[in-house]
Structures are given as C-alpha cells and as structure tokens.
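Student: Numbering (the working numbering), first residue to last: 40 to 231.
Where a beta carbon is used, it is the ideal one built from N, C-alpha and C, also for glycine.
Since this is a predicted model, take the numbers as computed values, not measurements.
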Ligand SMILES: Cc1cc2nc3c(=O)[nH]c(=O)nc-3n(C[C@H](O)[C@H](O)[C@H](O)COP(=O)(O)O)c2cc1C
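Quick look at the structure:
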C-alpha cells in the first residue's frame, strides 16, 4: 500500500483481537516514532512499550475511550489492546513546546502499525499519575499520551460531515466517523 493509501484507509481502532504483537514489530513501530521530525532536532521523546499481559491489564483502567459514545466505544472484554506505547517527554531536554514532536512521532507510529495490519487508538485521556507510577517513570519524565495497539476486530468507516463531529455506532456495531469534506477545508493561495 502506498503511504497515501495507508493514510486514507487508517481508522482509529478500539476493538482488538487477542493476538500478541511480535517484539520486532513493536521495535519497528517505535523506530518510526524515533525518526519523526523534531523541532530544533532536540528529540525530547522516549517511548515506554508495555506488552506484558499483566501490565496491559493494569494499564487498561487508566484509559478513557470514545467519549462521544461512552461506554459503547470501550474495548469489549477479550478485545482489549495487547500492547501500549507511551511517548514520554524527557523534561531535561524540553519542558514545553514538545507537542508537535509528539504528534509527528505518534502519527509515524500509527501508520507504521497500520502497514503491519495493526490497529491503534491514540489516547490523551490517561490517568497520568497512576500510569507513571505503574511504569516506574522518573520524576523528570512526563507521559504525554498513549498509543493502544492490537490487530483490529472492527472496521470503522468514514462519512461526510453533516453538522456533527460526533462519531456513532449503527445497529451492526460499525463505528461511523464524520470527516469535514475536502472542499470545505481546502484553500488555494488565499482563504477567500
Ligand atoms: C490527540 C488525540 C487524542 C485522542 N484521545 C483519545 C482518547 O482519549 N480516547 C479515545 O477513545 N480516542 C482518542 N482519540 C481518537 C479520536 O477520537 C479519533 O482520532 C477521531 O474520532 C477520528 O477518528 P479516526 O482516527 O478514525 O479518523 C484521540 C485522537 C487524537 C488525535
């Protein structure tokens, strides 16, 4: 698949198959995050990967899923993520202004995972203090967010935005994700 096709086909996944992800693939995903653009090339990000079953079980309650349709977007029992990647900020390198670095790194990781057939959900709703304690994170590091991973057990679809940004589930439990149309967001040369 071309990069463009990957981008078009990618959706946030919140239901996963109970199949582990090989360490080599997790390393490949983090490597894609490591090599993302970084402002001033300062590279304040490090990555904590959780793939141990018991650790995954403990991380899960720290997360909040699909707020618009809660609790119907939660991973169902047996369909929880099988791995997590926490992008953590080395505060000794940067204390603020790292947010765009995180965005670039996480999107690289999302697309690299998708290329491997692995779905993901990027979550900002993380109980950071609890998760940091669990990960044994030193005080000079901060959890930004987390990327939850696993082989997809759902196939969300996009549809044209029609007045609401709220994603929704139909009777077949398919997630529909409204997206603003290209003609509504594209401006050549001048805004008007
Ligand atoms: C910065 C960021 C934070 C997000 N945080 C959460 C979250 O805490 N929980 C969640 O279920 N989804 C979260 N999402 C996923 C969005 O809900 C999802 O990207 C959006 O509904 C569009 O769907 P799509 O990714 O399939 O295009 C987050 C996405 C981004 C970019």
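#1: With residue 183 and residue 127 assumed to form a contact (beta carbons below 8 Å), what rounded beta-carbon distance in angstroms separates them?
#2: Could you work out which residue in 229, 82, 195 and 131 is closest to residue 218 when comparing CA atoms only?
#3: Quick check on the DSSP output: the alpha helix (DSSP H) that includes residue 172 runs from which residue to which?
#4: Taking all protein chains shown into account, do 16 or more other C-beta atoms lie within 10 angstroms of the C-beta of residue 79, making it buried, or fewer, making it exposed?
#5: Between residue 89 and chain D, is any beta-carbon pair separated by less than 9 Å?
#6: Taking 8 Å as the cut-off, is the CB of residue 101 close to at least one heavy atom of ligand 1?
#7: Report the partner residues of residue 215 according to the DSSP bridge assignment.
#8: Quick one: what does DSSP say residue 72 is sitting in, helix, strand or coil?
Tutor: So, from the data block:
#1: 7 Å
#2: Closest option to residue 218, Cα to Cα, is 195.
#3: Residue 172 -> alpha helix (DSSP H) spans 167–174.
#4: exposed
#5: In the structure shown, chain D does not exist; there is a single protein chain.
#6: no
#7: 196 and 207
#8: helix
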